[in-house]
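Enquirer: Below you'll find the structure I mean.
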Amino acid sequence: YLDEKLSDVKHPGITVEDKESKKKRGISDQKRNIVCAIDEHNNKVIQVSERGRIHTKNLYEIYKDKIPSQCTVVSDSLRSYHGLMKKLGVKWIKIPFVY
Numbered sequence: 079y080l081d082e083k084l085s086d087v088k089h090p091g092i093t094v095e096d097k098e099s100k101k102k103r104g105i106s107d108q109k110r111n112i113v114c115a116i117d118e119h120n121n122k123v124i125q126v127s128e129r130g131r132i133h134t135k136n137l138y139e140i141y142k143d144k145i146p147s148q149c150t151v152v153s154d155s156l157r158s159y160h161g162l163m164k165k166l167g168v169k170w171i172k173i174p175f176v177y
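Structure below.
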């Protein structure tokens, strides 16, 4: 199972006068992407990645040595996963996005 989480980036020593008006919503360069994976044997991968939306290239660098080609991967249908699954050559089960 693969997933990603966005977390706000905090810089020590930098203060913002009006925090609420300066904080961007959604995916932005103010957020750091954390990628996570777990397998059927409870082995976990958690790694801080780039800022903003994650790209296929970065996902591949993280997972290339951790996911063998005979695996079945379950994840959401994030566009970056499309390229990753092609590069890894694995069977992919997509969880559809629901509003």
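Here the working numbering = 1-based position in the sequence shown + 78. Just so it is clear, CB atoms sit at the ideal spot from N, CA and C, and this is done for glycine as well. Every value quoted in this text rests on a predicted model; they were computed, and no experiment measured them.
Only counting the same chain, and skipping five residues up and downstream in sequence, which positions put a Cβ closer than 6 Å to that of I124?
Expert: So the list reads C114, once near-sequence residues are dropped.
Enquirer: By DSSP, does R110 sit in helix, in strand, or in coil?
Expert: In this structure, R110 counts as strand in the three-state DSSP scheme.
Enquirer: Which residue comes first and which comes last in the alpha helix (DSSP H) that contains R129?
Expert: From DSSP, R129 is part of no alpha helix (DSSP H) but of the beta strand (DSSP E) over 122-129.
Enquirer: How would you label S85, buried or exposed, when you count the other beta carbons within 10 angstroms and need 16 or more for buried?
Expert: By the neighbour-count rule (16 or more Cβ atoms within 10 Å), S85 is not buried but exposed.
Enquirer: Could you pull out every residue in the same chain whose Cβ sits closer than 8 Å to the Cβ of H133, ignoring the five residues on either side in sequence?
Expert: Excluding positions up to five away in sequence, the list reads S158.
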